[in-house]
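S.K.:
Right, here's the structure in full:
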């Protein structure tokens, strides 16, 4: 099936090229949360990865804040894994410039409700191109990463921190842009301060005795929460057991349940702070038991409904 046929597919279910992607996912949450303009690049990516590792698996495929999240896991190791990783990154870069509706060249745009899509000019009604001056609470930070130096826009975590620091919520509306911009440097320092406590993967590897390459893989597929700092991933400390010797269980399931717009900084905030829903305990404290993990996952899903 060619690109045009994939984009215009109107049959029941999915075409075989896309069904293969679904078959690689766990049956309980198999989904393809992307529009048909991206279907051709997904079909090509799956074919390319299958040549490298016929048995590779997928945790999740979705559009997140205008970016493609393709959680692929491979048994390849060492140098043999690098072409696999590069193929996923190349597809994500292609998606960044491909209209989600028609497959033609597009750019990242946002509508009045803060919803991000990559769109061409013909499909962009109601959307404006995202630039450094575009005002939005959630900045486009796909693949569950947080910007190390968010100077142009406030993330949800920064907005929360500013409000907790005494900034009026009205400052973040369109009419209060100048007031909000006055606090950008302050909130950026807040983010930088948090990120300075996050650990390089090599340090985490020494603590929990997990190979650094395996930690990198887990980060790549969304099984760990990390932020890019000066081009290198930093590990959010809330994910380590209190004994400092192991990683808490179920983190990947918790991250998948979080709202799409949450960055790693947002997740850090909600996982570390005491919550009345859990009797004054922080959500991370419940991850040690199966029942506690189930409650945290349900709570995380509900965050997207509020």
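In this note's numbering, the protein residues as written are 10 to 315.
Idealized CB from N, CA, C, for every residue including glycine.
Computed from a predicted structure; not experimentally measured.
(1) Starting from residue 52, trace the alpha helix (DSSP H) both ways and give me its first and last residue.
(2) Hey, how far is the Cα of residue 228 from the Cα of residue 300?
(3) What's the C-alpha gap between residue 91 and residue 222?
(4) Mind pulling the beta strand (DSSP E) runs of 3 or more residues that sit fully within the segment 49-134?
(5) Whole angstroms are fine: how far does the CA of residue 208 sit from the CA of residue 216?
(6) With DSSP as the reference, please indicate the residues paired to residue 228 in a beta bridge.
(7) Between which two residues does the alpha helix (DSSP H) containing residue 305 stretch?
(8) Relative to the C-alpha of residue 233, which candidate in 224, 240, 241, 239 has its C-alpha closest?
(9) Look at residue 312 and residue 305 and say whether their C-beta atoms are less than 7 Å apart.
(10) Given this structure, state the Cα-to-Cα distance separating residue 79 from residue 253, to the nearest angstrom.
(11) Could you check the C-alpha separation between residue 212 and residue 219 for me, to the nearest Å?
(12) So, does the CB of residue 83 fall closer than 7 Å to a CB anywhere in chain D?
(13) Is the beta carbon of residue 264 sitting closer than 7 Å to the one on residue 231?
(14) Would residue 33 be called buried (16 or more neighbouring beta carbons within 10 Å of its own) or exposed?
(15) Return the chain-ordered list of same chain residues with a C-beta closer than 6 Å to the C-beta of residue 101, the five sequence neighbours on each side being excluded.
(16) Kindly indicate which three-state DSSP category residue 278 falls into: helix, strand or coil?
M.R.: Inspection of the coordinates gives the following:
(1) 48-61
(2) 25 Å
(3) 11 Å
(4) 66-73, 76-82, 116-120, 125-128
(5) Approximately 10 Å, taken between the alpha carbons.
(6) The partner list for residue 228 (beta bridge, DSSP) is empty, contrary to what the question assumes.
(7) Residues 299-312.
(8) 224
(9) Against a cut-off of 7 Å, the Cβ pair of residue 305 and residue 312 comes out as no contact.
(10) 30 Å
(11) 10 Å
(12) Among the chains in the structure shown there is no chain D, since it carries only a single protein chain.
(13) yes
(14) buried
(15) 77
(16) helix
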